[in-house]
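Here the sequence shown is numbered in our numbering, starting from 6 and rising by one per residue. Below is one structure, written out as C-alpha cells; comments come after it.
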Amino acid sequence: MFEYLSGKFTGSVGVAAGAAFGVALAVSSMMQPARAAGPLPYDGAAPPPNVSVAMLYNQFASASSFYNQHGTKIGNTHIQTDVPILRLVHTFSPIDGMPWGVQVIAPYVSFLGNQQVGGGSLSHQSGFAEPLLSAFLYPVDHPSQDETLLLAYYLSPPSGSYNPSIVLNASTNNWVNNFEVGFMHKVFGQAKGKRLDLEVWADGYFYGNTNVQTGVHLKTDPAAQFIVYAPYYFHPQTDAYVGLSFEKTFGGKVSEVTPLATVDTGNRNNFTSIGVIAGSFLSPTVFAQAQLATDVQVRGGAKNDIFFQVQVGKVF
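Laid out in C-alpha cells, this is it:
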C-alpha cells in the first residue's frame, strides 16, 4: 500500500486589514491555514523508500452563509473558490528503520464569480497561495499489524499573491508553522485484507503577523485541528475504500494591531465538518481519492455548504 501526506486547502485565503470593521473585515477568517494541511486516508501507512510521487488535486468550496464569533448567521453570502494544487513527494532510505521523506505543495486559489458577505460585494484577487514545505517521519511502522505513527512539519513562507488594498487575497502573507501527528490502526479485519481502520490526526498551527501597512498588522492566535477517518477497505487488491470523516478546528483568533489599540476582528478558526471519503489504486502506481464534506458548525467565518476534493497521484 502507498499512502502519503495529503494537503487540504479549502478556504485558505487572505484579507486586507484596510477594509472596514464588521462584515468585510470578518472575512479575514477565511485566511486560516488550518484548512490547508489536512491529511487524507492514503496518508497512514509508511511509503516505500527512494520513490517520488506527483499528485494533482482540485478542491471546490462554496459558502452561502457567514457566522460571527457568537454564532449569529449573516445570510446573503457567496464565497466560492476553486483550488488546483500540485504536490511533489520524495522518500529516502529509512533512518534507524524509520521511513521519512520531504515534500512541497503549491496551491493556486481562484475566486469564482462575485464574492459577497451580507449582500456586500468584496474585492478579490486570484493567485498563488504560499507553498507548503514539509518533512515527515514514521517513528512507528508495523504494517503486519496495520499500525503506524506519523510526525510531520510544514513551513509556509509569506511568498504568495497579496495586495493590501484587496479584501480577499489568495495569500495570507505571513509565516505559518504547522506540526502534525497521525496515528492509524485497524479496528477489525485483516491487516492486508478487508478491514475497518481508524485514523486520528492532530495539528497545531503557529502564525506570524500579516503586515498590511506601516504600523498595522493582523495577529493570529495559534489554532488546533483534529481529524478522524473511518475508512473501510473492501477490496484489498487495490486498497479501495469508502468511509466517513470528521474534522474539528478551534483557535485562530485574528486581531488588528495598530499603534493605538489591538482590536478583535471577531474572526476565528472554529468549525466542525463531516463528510464521506473514497479511494482506490487504479494501477500499481496510479491512485485516486475523493472527499465530499459540509460544515455543520462555524464560529467567526464562512460556513461551507459544499467542500469537494479529488486527488490523482502517480508513483515513480
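Built from N, CA and C at the ideal position, the CB exists for glycine as well. Here the structure is a predicted model, which is why all the values come from computation and not from measurement.
Cβ-based burial, residue i [other Cβ within 10 Å; buried from 16]
{"i": "Y158", "result": "exposed"}
{"i": "K308", "result": "buried"}
{"i": "P162", "result": "exposed"}
{"i": "H129", "result": "buried"}
{"i": "G76", "result": "exposed"}
{"i": "L265", "result": "exposed"}
{"i": "L93", "result": "exposed"}
{"i": "I100", "result": "exposed"}
C-alpha gap between residue i and residue j, whole angstroms
{"i": "G220", "j": "T263", "result": "6 angstroms"}
{"i": "V28", "j": "A134", "result": "Annotation note: pLDDT 39 at V28 (below 50); position unreliable, coordinate value reported separately. One C-alpha to the other measures close to 23 angstroms."}
{"i": "T96", "j": "M103", "result": "11 angstroms"}
{"i": "S170", "j": "N214", "result": "17 angstroms"}
{"i": "F239", "j": "K199", "result": "5 angstroms"}
{"i": "T267", "j": "Q120", "result": "28 angstroms"}
{"i": "G106", "j": "Y47", "result": "15 angstroms"}
{"i": "V317", "j": "M60", "result": "6 angstroms"}
{"i": "S288", "j": "A229", "result": "36 angstroms"}
{"i": "R304", "j": "L91", "result": "30 angstroms"}
{"i": "F116", "j": "L154", "result": "37 angstroms"}
{"i": "G123", "j": "Q108", "result": "39 angstroms"}
{"i": "P144", "j": "P241", "result": "25 angstroms"}
{"i": "K78", "j": "Q302", "result": "11 angstroms"}
{"i": "G132", "j": "M189", "result": "35 angstroms"}
Cut-off 7 angstroms between Cβ atoms - residues of its own chain near residue i, not counting five sequence neighbours on either side
{"i": "V320", "result": "F7, V56, V58, T290"}
{"i": "G80", "result": "S70"}
{"i": "Y237", "result": "L201, Y246, V247, G248"}
{"i": "Y234", "result": "P46, E204, G248, S250, I282"}
{"i": "F211", "result": "N182, P227"}
For residue i, three-class secondary structure by DSSP
{"i": "S149", "result": "helix"}
{"i": "Y47", "result": "helix"}
{"i": "H240", "result": "strand"}
{"i": "T263", "result": "coil"}
{"i": "R273", "result": "coil"}
{"i": "Y212", "result": "strand"}
{"i": "D101", "result": "coil"}
{"i": "W206", "result": "strand"}
{"i": "N309", "result": "strand"}
{"i": "V56", "result": "coil"}
{"i": "V18", "result": "Here V18 scores only 49 on pLDDT, less than 50, and its place in the model should not be relied on; the value that follows carries that caveat. If DSSP states are grouped into helix, strand and coil, V18 belongs with coil."}
Chain-order list of residues whose beta-carbon lies under 6 angstroms from that of residue i (same chain, five-residue window excluded)
{"i": "F26", "result": "Its pLDDT being 32, under 50, F26 is placed unreliably by the model, and nothing is read from it."}
{"i": "E185", "result": "A157, D208"}
{"i": "E252", "result": "I232, S278"}
{"i": "N216", "result": "H222"}
{"i": "F286", "result": "T243, D244, F292"}
{"i": "N63", "result": "P89, V315"}
{"i": "P112", "result": "F14, V88, I90, A134"}
{"i": "Q1", "result": "Because residue 1 is not part of the residues shown, which for the chain are 6 to 321, the question remains open."}
{"i": "S67", "result": "Q85, D310, I311"}
Same chain, Cβ closer than 8 angstroms to residue i, five either side skipped, listed in chain order
{"i": "V281", "result": "V247, G248, L249, S250, Q296, L297, A298"}
**Asked** Would the stretch 48-67 and the stretch 148-162 be scored as touching if the rule is three or more Cβ pairs under 8 angstroms?
**Response** Yes, the stretch 48-67 is in contact with the stretch 148-162.
**Message:** Can you confirm whether the stretch 191-200 touches the stretch 166-179 when touching is taken to mean that 3 or more C-beta pairs between the two stretches lie within less than 8 angstroms?
**Reply:** Touching, no.
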